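Asker: Each residue of the sequence shown is one higher than the one before, starting from 226 at the first, in the numbering used here. Encoded as structure tokens, here's the structure I'll be asking about.
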Amino acid sequence: MKKILMIGTGGTIASEATASGLAPELTPKQLLQFVPKIAELCKVDCIPLFNVDSTNMTPAHWIGLVRCLRDNYDSYDGFVISHGTDTMAYTAAALSYMVSGSKKPVILTGAQKPIGFETTDSKVNLLDAFTCASSDGMCGVNIVFNGRVILGTRARKTRSKSFAAFSSINYPYIATLQDGVLMQYITPESRPAPEWSDTLNTNVGLVKLIPGMDLELLRFMLERKDALIIEAFGVGGLPSYSDDKFLETIIDAISRGKVIIMTTQVQNEGSDLAVYNVGHRLKGWRNVLEAYDMTTEAALAKIMCILGKTSDPDEIKKLFYEPVAHDILYHCGD
Numbered sequence: 226m227k228k229i230l231m232i233g234t235g236g237t238i239a240s241e242a243t244a245s246g247l248a249p250e251l252t253p254k255q256l257l258q259f260v261p262k263i264a265e266l267c268k269v270d271c272i273p274l275f276n277v278d279s280t281n282m283t284p285a286h287w288i289g290l291v292r293c294l295r296d297n298y299d300s301y302d303g304f305v306i307s308h309g310t311d312t313m314a315y316t317a318a319a320l321s322y323m324v325s326g327s328k329k330p331v332i333l334t335g336a337q338k339p340i341g342f343e344t345t346d347s348k349v350n351l352l353d354a355f356t357c358a359s360s361d362g363m364c365g366v367n368i369v370f371n372g373r374v375i376l377g378t379r380a381r382k383t384r385s386k387s388f389a390a391f392s393s394i395n396y397p398y399i400a401t402l403q404d405g406v407l408m409q410y411i412t413p414e415s416r417p418a419p420e421w422s423d424t425l426n427t428n429v430g431l432v433k434l435i436p437g438m439d440l441e442l443l444r445f446m447l448e449r450k451d452a453l454i455i456e457a458f459g460v461g462g463l464p465s466y467s468d469d470k471f472l473e474t475i476i477d478a479i480s481r482g483k484v485i486i487m488t489t490q491v492q493n494e495g496s497d498l499a500v501y502n503v504g505h506r507l508k509g510w511r512n513v514l515e516a517y518d519m520t521t522e523a524a525l526a527k528i529m530c531i532l533g534k535t536s537d538p539d540e541i542k543k544l545f546y547e548p549v550a551h552d553i554l555y556h557c558g559d
């Protein structure tokens with residue numbers, strides 16, 4: 226039997242009802258008691274690393290997870306991380322870059338309802354996660370949820386209450402599970418040993434454009450952040466209005482070494498700044514990058530990892546457009 230390490234971080238799956246709402250209370254060992262069939266699949270050890278609502282997860286928790294995985298990597302065949310759903314996609318994306326190329330499966334799962342509830346998705350999700358972690362063909366960082374296996378760089382929470390909480394954005398599902406049977410379609414990339422990284426520059430911001438947005442918000446963020454992700458409309462671009470102050474503000478920021486990442490608010494099919502004039506005028510500027518078909522979660526985690534390694538504009542660009550775990554498929558030769 227394979228040996229799997231379960232790392233607990235809290236979340237809904239481990240929550241119990243309190244006078245002020247659901248709160249994480251259960252340990253990984255307590256969660257396993259609800260799903261005895263897991264013991265028939267593999268041998269499991271547990272580490273209760275955190276016990277937080279995933280709304281409270283931060284990059285510091287990502288670093289803690291990476292260090293836990295690195296410390297235990299040689300002793301186990303795979304890993305299951307129980308995690309809250311609200312920020313699971315961010316953690317999965319971050320681990321995809323911080324434990325890059327793992328030949329062993331690192332599976333994140335959770336639930337929309339606590340494991341102690343009569344109607345819960347927790348038990349199926351946990352069993353499916355351990356099935357994947359014990360599989361010979363699975364590797365890398367993936368989310369397992371509602372019978373779907375999603376690359377860590379491609380996952381997004383798209384439903385707030387339904388059991389089918391996660392979607393794979395601009396990329397197929399890696400595998401599906403039904404009645405405990407794993408049907409794998411794609412083998413994630415891996416290397417003999419993972420590339421570990423626990424250094425992040427977290428001074429990264431995100432701005433979502435709205436019609437008539439106040440320019441001062443953009444200026445405020447650019448004064449304080451080393452990199453700024455801008456979620457634009459449609460295929461991407463900056464508003465010009467009557468004075469072009471938005472573009473002037475961006476040009477001033479990149480002249481001071483700030484990194485701009487243009488992406489889209491639209492969930493599927495990605496950005497393409499070359500289509501319209503409002504986007505095309507951003508092309509070619511140093512330190513202006515385009516996310517294309519990447520998720521915002523992946524773009525955020527990736528630039529934090531990159532800026533934790535280098536501040537050289539050419540190296541930043543090279544690393545951003547270098548595919549990791551199939552995070553970017555289309556980038557027009559940038």
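All C-beta atoms in this analysis are idealised placements derived from N, C-alpha and C, irrespective of residue type, glycine included. All figures in this text were calculated on a predicted structure; none of them were measured in a lab.
Where does the unbroken beta strand (DSSP E) through phenylalanine 304 begin, and where does it stop?
Answerer: 303-307
Asker: Can you tell me which of Pro548, Thr356, Leu498 and Met313 puts its alpha carbon nearest to the alpha carbon of glycine 377?
Answerer: The shortest Cα separation from glycine 377 among Pro548, Thr356, Leu498 and Met313 belongs to Met313.
Asker: Where do the N-terminal and C-terminal ends of the alpha helix (DSSP H) with alanine 400 fall, by residue?
Answerer: Premise fails: alanine 400 lies in the beta strand (DSSP E), 400-403, not in any alpha helix (DSSP H).
Asker: Any contact between the segment 386-403 and the segment 365-377? By contact I mean 3 or more CB pairs, one from each, below 8 Å.
Answerer: yes
Asker: In whole angstroms, give me the CA-to-CA distance for arginine 292 and tryptophan 421.
Answerer: Taking the straight line from one Cα to the other gives about 9 Å.
Asker: Which stretch, first to last residue, makes up the alpha helix (DSSP H) that contains proline 253?
Answerer: Boundaries of the alpha helix (DSSP H) around proline 253: 253-258.
Asker: Where does lysine 338 fall in DSSP's three states?
Answerer: coil
Asker: I'd like the ranges of any beta strand (DSSP E) spanning at least 3 consecutive residues and lying wholly in the segment 372-448.
Answerer: 373-376, 380-382, 391-393, 400-403, 406-409 and 429-433
Asker: Let's see if you can read the secondary structure: which residues bound the beta strand (DSSP E) around lysine 348?
Answerer: From DSSP, lysine 348 is part of no beta strand (DSSP E) but of the alpha helix (DSSP H) over 347-358.
Asker: Are lysine 329 and phenylalanine 304 closer than 8 Å when you measure CB to CB?
Answerer: yes
Asker: Please go through the segment 446-504 and give each complete beta strand (DSSP E) segment of 3 or more residues, from N-terminal end onward.
Answerer: Counting only runs of 3 or more, we get 452-457 and 484-489.
Asker: Going by DSSP in three states, serine 240 sits in which element: helix, strand or coil?
Answerer: strand
Asker: So what does serine 245 bridge to, in DSSP terms?
Answerer: As computed with DSSP, serine 245 is found in no beta bridge at all.
Asker: Three or more C-beta pairs under 8 Å: does that hold for the segment 435-445 against the segment 379-390?
Answerer: no
Asker: Note down the Cα distance separating leucine 230 from threonine 283, rounded to an integer number of angstroms.
Answerer: 22 Å
Asker: Is the beta carbon of alanine 452 less than 8 Å from the beta carbon of threonine 488?
Answerer: no
Asker: Within 10 angstroms of the Cβ of serine 393, are there 16 or more other Cβ atoms? Answer buried if so, exposed if not.
Answerer: buried
Asker: Buried or exposed, going by whether 16 or more other CB atoms sit within 10 Å of the CB of glutamine 258?
Answerer: exposed
Asker: With a Cβ-Cβ cutoff of 8 Å, do tyrosine 396 and alanine 526 count as a contact?
Answerer: no
Asker: Cutting at 8 Å between CB atoms, please list the residues of its own chain near serine 465, excluding the five before and the five after it.
Answerer: Phe471, Leu472 and Val503
Asker: In terms of DSSP beta bridges, what is lysine 262 paired with?
Answerer: Partner(s): none; lysine 262 has no beta bridge.
Asker: Using alpha carbons as the reference points, say which of Leu320, Arg379, Asn426 and Val324 lies closest to aspartate 518.
Answerer: When each option's Cα is compared against that of aspartate 518, the closest is Arg379.
Asker: Which partner residues does phenylalanine 370 have in the DSSP bridge list?
Answerer: Phenylalanine 370 pairs with Arg373.
Asker: Select from Val324, His308 and Thr280 the residue whose C-alpha is nearest the C-alpha of asparagine 297.
Answerer: Val324
Asker: Quick one: Cα of tyrosine 301 to Cα of glycine 246, how far?
Answerer: The C-alpha of glycine 246 is placed about 36 Å away from the C-alpha of tyrosine 301.
Asker: Is the CB of leucine 257 under 8 Å away from at least one CB in chain C?
Answerer: In the structure shown, chain C does not exist; there is a single protein chain.
Asker: Among residues of its own chain, excluding the 5 on either side of threonine 424, which ones have a beta-carbon nearer than 6 Å to its beta-carbon?
Answerer: Gly533
Asker: Got a sec? Which residues, its chain only, sit under 6 Å from leucine 333 by beta carbon, not counting five neighbours each side?
Answerer: Same-chain partners within the cutoff: Ile306, His308, Met313, Ala317 and Ile368.
Asker: Check whether the segment 272-279 touches the segment 227-241, counting contact only when three or more Cβ pairs, one atom from each stretch, lie closer than 8 Å.
Answerer: yes
Asker: What did DSSP end up calling aspartate 552 once you bin it into helix, strand or coil?
Answerer: Here DSSP, grouped into helix, strand and coil, assigns aspartate 552 to coil.
Asker: What does DSSP give as the partner residues of serine 325 in its beta bridges?
Answerer: Glu420
Asker: Hey, valine 484 and isoleucine 541 are a contact pair by Cβ (cut 8 Å); roughly how many whole angstroms apart?
Answerer: 6 Å
Asker: Classify tyrosine 410 as buried or exposed, calling it buried when 16 or more other Cβ atoms lie within 10 Å of its own Cβ.
Answerer: exposed
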